[in-house]
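Below: one structure, written as C-alpha cells.
Residue numbers (my numbering): 156 to 244.
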C-alpha cells in the first residue's frame, strides 16, 4: 500500500539513495581490504628485515670468535640479545 502512495519522484530518490549507499559500502570495503593488505605486507617486510639483521649480527659474532676478538664477540652478542629482546616485545 505504501508503494502505491509514493510518487515516481519518491521512488527515484529511494533508488538513488540505495545506489549511493551500496557504492559507499563497496568503497569502504575496498579501503579496508587495501589497508589489511598493506598492513600484512608491511609486517612481512619488517619480519624479513629483522631476520636479515639477526643473521648479519650472528655472522659478525661468528667472525669475531674466529679471529679471537673476545671483546668484539661480547659486544656483538650483547647487541644480538638486545635486538632479540626488541623483536619479542
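In this text, a Cβ means the ideal position worked out from N, Cα and C, and glycines have one as well.
Asked: Compare the beta carbon distance of residue 212 and residue 176 with 8 Å and say whether it is the shorter of the two.; Found: no
Asked: Quick one: what's got a C-beta closer than 6 Å to residue 242's C-beta in the same chain, skipping five residues either side?; Found: 205
Asked: With a CB to CB cut of under 8 Å and the five nearest residues on each side skipped, what residues in its chain are close to residue 235?; Found: 209, 212, 213, 216
Asked: Looking at residue 234 and the ligand MN, is the gap between the Cβ and the nearest heavy atom below 7 Å?; Found: For the ligand MN, the structure offers nothing, since it holds no ligand at all.
Asked: Return the CA-CA distance between residue 185 and residue 221, expressed in angstroms with no decimal places.; Found: 54 Å
Asked: For residue 219, which residues from the same chain have a beta carbon less than 7 Å from its beta carbon, with the 5 sequence-adjacent residues on both sides left out?; Found: 227, 228, 231
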